[in-house]
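Each remark here refers to the structure printed beneath this line.
Number of protein chains: 2
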Amino acid sequence: MKLPKHVTIKEVGPRDGLQNEIEMIQTKDKIEWIENLSKTGLSYIEVTSFVHPKWIPQLADAVDVLKGLKREESVTYAALVPNMRGLERALEANIDEVSVFMSASESHNKNNINKSIEETYPVLEEVVQAAKKEGKQVRGYLSTVIGCPYEGKIPVEQVVRITDRLLEMGIEEISLGDTIGVGVPTEVEALLSALLTRFNSNLFAMHFHDTRGTALANILQSLEMGLTKFDSSLGGLGGCPYAKGASGNVATEDLLYMLQGMGINTNIDMDALLNAAFFIEEKLGKQLNSKQMNIARK
Amino acid sequence: MKLPKHVTIKEVGPRDGLQNEIEMIQTKDKIEWIENLSKTGLSYIEVTSFVHPKWIPQLADAVDVLKGLKREESVTYAALVPNMRGLERALEANIDEVSVFMSASESHNKNNINKSIEETYPVLEEVVQAAKKEGKQVRGYLSTVIGCPYEGKIPVEQVVRITDRLLEMGIEEISLGDTIGVGVPTEVEALLSALLTRFNSNLFAMHFHDTRGTALANILQSLEMGLTKFDSSLGGLGGCPYAKGASGNVATEDLLYMLQGMGINTNIDMDALLNAAFFIEEKLGKQLNSKQMNIARK
Numbered sequence: 001m002k003l004p005k006h007v008t009i010k011e012v013g014p015r016d017g018l019q020n021e022i023e024m025i026q027t028k029d030k031i032e033w034i035e036n037l038s039k040t041g042l043s044y045i046e047v048t049s050f051v052h053p054k055w056i057p058q059l060a061d062a063v064d065v066l067k068g069l070k071r072e073e074s075v076t077y078a079a080l081v082p083n084m085r086g087l088e089r090a091l092e093a094n095i096d097e098v099s100v101f102m103s104a105s106e107s108h109n110k111n112n113i114n115k116s117i118e119e120t121y122p123v124l125e126e127v128v129q130a131a132k133k134e135g136k137q138v139r140g141y142l143s144t145v146i147g148c149p150y151e152g153k154i155p156v157e158q159v160v161r162i163t164d165r166l167l168e169m170g171i172e173e174i175s176l177g178d179t180i181g182v183g184v185p186t187e188v189e190a191l192l193s194a195l196l197t198r199f200n201s202n203l204f205a206m207h208f209h210d211t212r213g214t215a216l217a218n219i220l221q222s223l224e225m226g227l228t229k230f231d232s233s234l235g236g237l238g239g240c241p242y243a244k245g246a247s248g249n250v251a252t253e254d255l256l257y258m259l260q261g262m263g264i265n266t267n268i269d270m271d272a273l274l275n276a277a278f279f280i281e282e283k284l285g286k287q288l289n290s291k292q293m294n295i296a297r298k
Numbered sequence: 001m002k003l004p005k006h007v008t009i010k011e012v013g014p015r016d017g018l019q020n021e022i023e024m025i026q027t028k029d030k031i032e033w034i035e036n037l038s039k040t041g042l043s044y045i046e047v048t049s050f051v052h053p054k055w056i057p058q059l060a061d062a063v064d065v066l067k068g069l070k071r072e073e074s075v076t077y078a079a080l081v082p083n084m085r086g087l088e089r090a091l092e093a094n095i096d097e098v099s100v101f102m103s104a105s106e107s108h109n110k111n112n113i114n115k116s117i118e119e120t121y122p123v124l125e126e127v128v129q130a131a132k133k134e135g136k137q138v139r140g141y142l143s144t145v146i147g148c149p150y151e152g153k154i155p156v157e158q159v160v161r162i163t164d165r166l167l168e169m170g171i172e173e174i175s176l177g178d179t180i181g182v183g184v185p186t187e188v189e190a191l192l193s194a195l196l197t198r199f200n201s202n203l204f205a206m207h208f209h210d211t212r213g214t215a216l217a218n219i220l221q222s223l224e225m226g227l228t229k230f231d232s233s234l235g236g237l238g239g240c241p242y243a244k245g246a247s248g249n250v251a252t253e254d255l256l257y258m259l260q261g262m263g264i265n266t267n268i269d270m271d272a273l274l275n276a277a278f279f280i281e282e283k284l285g286k287q288l289n290s291k292q293m294n295i296a297r298k
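So the sequence lines, in the order shown, correspond to chains V and U. If you count the first sequence from 1, position 290 lands on 290 in the UniProt record's numbering, and the numbers rise without skipping. If you count the second sequence from 1, position 132 lands on 132 in the UniProt record's numbering, and the numbers rise without skipping.
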């Protein structure tokens with residue numbers, strides 16, 4: 001099996017994880033947690049979102065988190081920004097890198113952003129141009145690239161077409177999201193085959209939710225196709241227990257276990273990672289269910 | 001990706017699952033459950049074990065379960081037998097197929113069977129000969145083929161050597177067990193590469209526990225190497241919550257989800273399978289945590 005020597009794990013727990021948890025975490029606890037994460041060897045942490053607090057009250061303290069944080073040189077701190085207002089707040093808080101987002105599914109995009117896919121491009125483009133003018137890298141999240149809760153399967157050609165537009169506007173990396181965690185390895189293969197005939201693999205990160213247990217198998221498939229960047233959330237955070245079909249990202253520590261076992265370097269320390277997982281578990285006041293946490297607590 | 005068109009799932013929940021659960025299930029409930037399982041499209045169910053009840057009191061009713069069962073023509077009903085006394089009881093109960101077992105790790109074998117690996121062969125051989133004389137197929141479980149709780153990594157050559165001996169004594173199929181669920185896809189690749197240069201792939205089934213979340217990734221790797229038989233337990237049964245490092249088999253319904261998504265035929269009906277999972281969950285009185293069950297209950 002042909003595998004990369006090094007993989008970059010992008011920790012999205014403080015954003016994608018916490019925005020889907022019911023419990024509100026105090027700002028000081030978030031800061032302490034992100035500081036813990038910064039000492040695990042992770043090189044990239046998405047710390048918050050500048051979406052309007054009306055939509056995601058859990059992350060209403062975005063500016064305070066970023067301003068309060070003692071940053072590590074080795075870590076890129078990123079945040080999600082939906083529009084120019086969000087970008088302004090993110091820049092005020094001296095963000096390192098920003099992420100824009102849209103969906104590969106017309107109805108999911110409409111439902112999330114209240115715009116058609118066509119209408120979304122100019123909004124993103126404005127943010128991308130402004131961010132780049134400030135010297136910031138821009139990442140693009142493309143969600144529901146395999147399946148959509150409203151439309152079912154998403155055609156590969158649609159993902160290719162949107163990817164093309166996003167890269168054209170200057171986005172440096174696209175995180176391909178199996179947002180509802182329905183994908184299986186053959187679908188990952190079909191998607192990546194189509195994308196990699198047109199685009200370089202280092203333009204992509206894979207973002208799997210583990211709703212149906214297939215995340216690590218999908219990551220294995222992606223690794224074999226040359227992908228080297230993966231999003232994950234500590235403790236598999238974000239598995240909202242009340243929403244049908246919602247589930248957390250693949251757990252960072254479970255991904256790390258598989259990568260370490262396969263001899264792939266990540267620079268991340270498992271013990272430090274697990275300590276950070278137990279810290280946020282305590283603050284959330286509910287048991288997280290990553291496999292490595294369950295082994296560690298026995 | 002090269003994949004088989006058809007896969008056989010061998011349900012081991014009533015044996016490998018229940019023997020690792022604290023709760024004792026009533027005989028009539030076991031029978032009802034196995035009858036439910038028999039109508040899901042499964043073609044193979046390991047229903048119990050004839051290990052001495054002193055060791056596994058949960059399965060002390062082996063004879064009654066087998067005798068009480070209304071069998072389906074399309075299903076092979078199997079049971080674990082440790083020795084001649086076990087075989088006699090299994091034959092009395094008109095078993096279809098028997099399984100013998102040993103470990104690829106010297107100390108795990110010693111710990112489980114109280115014999116060295118060398119001392120185990122003649123015991124198994126006697127059972128295998130007697131079973132075949134009665135016209136029964138014999139399956140061999142080889143456990144800890146990747147890692148052992150006492151010895152760590154198990155050398156591939158050791159697994160090849162023991163496999164050779166087991167096949168020589170007339171065992172028709174070997175179930176290769178990652179008993180403590182430590183394996184990663186590269187280890188599966190190394191093991192199967194070594195075995196498949198000497199032996200035909202249809203001599204093997206893979207038996208993964210999902211302790212560290214890698215079971216489906218390991219199954220993907222096995223599928224790509226031509227394996228077509230996989231053991232699993234409904235609901236991921238057997239995840240004893242009190243023993244460090246112990247965890248259930250990969251959940252049958254999670255395996256089925258991945259196989260179905262990849263277009264691999266199994267003949268198994270997901271809804272019927274989930275109904276059987278919720279039945280045994282209720283009897284156990286504790287929540288099972290397969291991904292498909294968690295989605296279905298939302």
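All residues carry an ideal CB built from backbone N, CA and C; glycine is no exception. Computed from a predicted structure; not experimentally measured.
Through-space distance from residue j to residue i, alpha-carbon basis
i, j, result
"K67 of chain V", "A60 of chain V", "13 Å"
"R198 of chain U", "Y121 of chain U", "20 Å"
"V51 of chain V", "E118 of chain V", "20 Å"
"V63 of chain U", "E92 of chain U", "8 Å"
"I113 of chain V", "D210 of chain U", "38 Å"
"N36 of chain U", "F279 of chain U", "9 Å"
"T58 of chain V", "N111 of chain V", "Reading off the sequence, residue 58 of chain V comes out as Gln, not Thr. When rounded, the distance between both Cα atoms is 20 Å."
"A104 of chain U", "S49 of chain U", "20 Å"
"V160 of chain V", "M1 of chain V", "27 Å"
"A277 of chain U", "G17 of chain U", "12 Å"
"A131 of chain U", "I171 of chain U", "10 Å"
"E281 of chain U", "Q287 of chain U", "6 Å"
"E32 of chain U", "K115 of chain U", "37 Å"
"S74 of chain V", "E46 of chain V", "14 Å"
"H6 of chain U", "N265 of chain U", "5 Å"
"Q292 of chain U", "L256 of chain U", "10 Å"
"V81 of chain V", "A296 of chain U", "34 Å"
"Y242 of chain U", "S290 of chain U", "Note that Y242 of chain U scores a pLDDT of 47, beneath 50, so its modelled location is shaky; the value from the coordinates is reported in the next line. Going from the Cα of Y242 of chain U to the Cα of S290 of chain U covers about 18 Å."
For residue i, the residue or residues it bridges with in DSSP
i, result
"N10 of chain V", "What sits at residue 10 of chain V in the sequence shown is Lys, not Asn. DSSP output for K10 of chain V lists V:D231 as bridge partner(s)."
"L176 of chain U", "U:L142, U:M206"
"L59 of chain U", "Answer is none; L59 of chain U lacks a bridge partner."
"G152 of chain U", "U:C148"
"Y77 of chain V", "V:I45"
"Q137 of chain U", "U:E97"
"A251 of chain U", "U:S233"
"N265 of chain V", "V:H6"
N-terminal and C-terminal residue of the alpha helix (DSSP H) that residue i is part of
i, result
"M102 of chain V", "First-last for M102 of chain V: 97 to 103, but that is the beta strand (DSSP E), not the alpha helix (DSSP H)."
"S201 of chain V", "Segment: none, S201 of chain V is in no alpha helix (DSSP H) and carries neither H nor E."
"M24 of chain U", "M24 of chain U -> no alpha helix (DSSP H), and no H or E assigned at all."
"A108 of chain V", "Before going on, a small fix: residue 108 of chain V reads as His here, not Ala. Run containing H108 of chain V: 106 to 113, per the alpha helix (DSSP H) assignment."
"G86 of chain V", "84 to 92"
"L223 of chain V", "215 to 224"
Residue i classed as buried or exposed, judged by whether at least 16 other C-beta atoms fall within 10 angstroms
i, result
"K54 of chain V", "exposed"
"I174 of chain U", "buried"
"G263 of chain V", "exposed"
"D271 of chain V", "exposed"
"Q221 of chain V", "buried"
"E157 of chain U", "exposed"
"Y150 of chain V", "exposed"
"R15 of chain V", "buried"
"K298 of chain U", "exposed"
"S23 of chain U", "Contrary to the premise, residue 23 of chain U reads as Glu rather than Ser in this sequence. Exposed is the call here."
"E224 of chain V", "buried"
"E187 of chain U", "buried"
"K133 of chain V", "exposed"
"R139 of chain V", "buried"
heavy atom of the ligand PLP below 8 Å from residue i C-beta
i, result
"T214 of chain V", "What this structure holds is no ligand at all, so the ligand PLP is not there to describe."
The stretch 172 to 187 of chain V: positions lying closer than 9 Å to chain U by Cβ: G181, V182, G183, V184, P185, T186, E187
Residues in the stretch 271 to 297 of chain U having any Cβ partner in chain V nearer than 9 Å: N289, S290, K291, Q292, N294, I295
Interface positions of the stretch 201 to 234 of chain V facing chain U (Cβ-Cβ less than 8 Å), listed along the chain: D210, T211, R212, G213, T214, L216, A217, I219, L220, Q221
Against chain U: residues of the stretch 245 to 262 of chain V by CB proximity under 7 Å: Within the stretch 245 to 262 of chain V, the residues whose Cβ lies closer than 7 Å to some Cβ of chain U are G245, D254, Y257, M258, G261, M262, listed in chain order.
Positions along the stretch 1 to 17 of chain U whose CB lies within less than 8 Å of some CB in chain V: M1, L3: these are the residues of the stretch 1 to 17 of chain U whose beta carbon lies less than 8 Å from some beta carbon of chain V, given in chain order.
Proximal residues, the stretch 189 to 200 of chain V versus chain U, C-beta separation under 9 Å: Those would be E189, in chain order.
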